[in-house]
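Position 100 of the sequence shown, counted from 1, bears residue number 100 in my numbering, the numbering being contiguous throughout.
In this text, a Cβ means the ideal position worked out from N, Cα and C, and glycines have one as well.
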Amino acid sequence: MALKVLGSLPVAAAAGPARSASPQQAPAPSVTGLPAPPPLAVARGAYVPKFFSEDEWKAARILADMIIPRDERSGSATDARTVEYVDEYAAFWGSRVQPRLRGGLMWLDRECSRRFDKRFADCTDEQRRQVLDLIAYPPKDEPSGRPDIGRREPTAQAGAAAVGHPEKEPPSPPTPTPQTGMAGPPTVVPLEEPERHATAYSAGIAFFSLFRDLTATGFFTSEIGIKDLGFMGNQPYDWKGCPPEVVAKLGLKQG
């Protein structure tokens, strides 16, 4: 249930409405400047993935249902055909999205293999949750600079705020070496917890954030998701004309 709550949070941050007009129409940019997602091609019968491989498709469906599981209120992500939407999205946007999704699923497999000697899809539910807990709840002070472990200190002009530590004093400029007269190597700032956790799992965190956003967008713009939200859409208004007291005040007659 906790991951289902995660699925509902970032839907506004994902790229626009999930299902637009006909497939012939080019998707217009959203008001946020992000590209709008492609229309979902709903075909009868079994869906044939356009981007995901067979193994990726299996893992993506498991992951989507862990983010938005079936409960007493509504169906799951796969019930809403959310993974079909993610697949269509990746196929449409190509290299802008595909490496991040494919690389993220590979990251899950590697992490599960390292811990349990099994791929993500072959792990137990408890084992999968152990891995997802590492990336679903990143520390709030995740560093804003490069995601690798150990960072290069910025220049004195940039200040320590460039690496997310405005309270630190800017470092002194490097001292030229007598051999070359050039500046020495940049200072490497050691990381502390929870910052080290964030950088160690940055690739997984970035992937999960993207996949969760796409899953939430696909779900909450589907028929199942709209019913889950209780969204009624545009409703006709029963207008009965101007109130009689307004008509009388204007010296007019009711038509």
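Taking a contact to require three or more Cβ pairs closer than 8 Å, the stretch 200–215 and the stretch 128–138 qualify as touching. Rounded to whole angstroms, the gap between the alpha carbons of Arg115 and Gln130 is 10 Å.
Using a 10 angstroms sphere on the CB of Trp107, the tally of other CB atoms reaches 16 or more, which defines it as buried. Per DSSP, Ser74 lies in no alpha helix (DSSP H) segment and is marked neither H nor E.
Taking the Cα positions, Lys50 is about 6 Å away from Asp87. Under the three-state reduction of DSSP, Gln130 is assigned to helix. Within the same chain, Ala64, Thr215, Gly218, Phe219 come within 6 Å of Thr82 by CB-CB distance, once the 5 residues on both sides are set aside.
With contacts defined by Cβ atoms closer than 8 Å, Ser74 and Lys227 form a contacting pair.
C-alpha of Gly225 to C-alpha of Val48: approximately 23 Å in a straight line.
When secondary structure is reduced to three states using DSSP, Thr217 falls in the helix class. A direct Cα-Cα distance of roughly 10 Å separates Glu245 from Gln254. The C-beta distance from Ser222 to Ala46 rounds to 18 Å, too long to fall under 8 Å, and the pair is not in contact. At a Cβ-Cβ threshold of 8 Å, Ala60 and Ile68 do not count as neighbours. Here Gly94 is exposed, its C-beta having fewer than 16 other C-beta atoms within 10 Å.
Put simply, of Asp125, Pro138, Glu56 the residue whose alpha carbon is nearest the alpha carbon of Gly103 is Glu56.
The DSSP-derived three-state label of Ser53 is coil.
Cβ neighbours of Cys123 within its own chain (closer than 7 Å, five residues either side excluded): Cys112, Phe116. Take Lys58, set aside five residues on each side of it, and the residues of its chain with a beta-carbon closer than 7 Å to its own are Ala121, in chain order. Pairing Cys242 with Gly230, the inter-Cα distance amounts to about 32 Å.
DSSP places Leu250 in the coil class of the three-state scheme, outside both helix and strand.
For Lys118, same chain residues with a beta-carbon under 7 Å away, outside a window of 5 residues either side, are Cys112 in chain order. The alpha-carbon of Pro139 is positioned some 18 Å away from that of Phe211.
DSSP places Ile224 in the helix class (H, G or I) of the three-state scheme.
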